[in-house]
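Numbering (my numbering), first residue to last: 1070 to 1154.
What follows is a single structure, written as C-alpha cells, with notes after it.
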C-alpha cells in the first residue's frame, strides 16, 4: 500500500482531540512547553517510521539529521528516505 494511502487511513481512523491546557506550562521566557510523554512521542514516531518502512534506528537518525543543518536547508517536502540518502 502506498505511504499516502496509509497516512490517509491513519489520520481518518482516529478522532481529533484538542490539547489539554493542564499539560501546558509557560517558562520564565514566556514560551509554552507541552508536556507530552516520551511514550506518546515514541508511538507517533513509530507510526511514521512504519509508513516509510524505516526501522526505529533509521527514524532516530532521520530526526537527528533534520534537527541540524540538513533540516534548515532542505525543503519542507523532503522525505525521510531522501534525508537518509
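For each residue, glycine too, the CB sits at the ideal point set by N, CA and C.
Residue i, buried or exposed, once every other Cβ within 10 Å from all chains shown has been counted against 16
| i | result |
| --- | --- |
| residue 1113 | exposed |
| residue 1118 | buried |
| residue 1149 | buried |
| residue 1145 | exposed |
Cβ-Cβ distance between residue i and residue j below 7 Å
| i | j | result |
| --- | --- | --- |
| residue 1072 | residue 1120 | yes |
| residue 1152 | residue 1134 | yes |
Extract the residue ranges of the alpha helix (DSSP H) inside the region 1114 to 1142, only unbroken runs of 4 or more that lie entirely within it. 1125 to 1136 and 1138 to 1142
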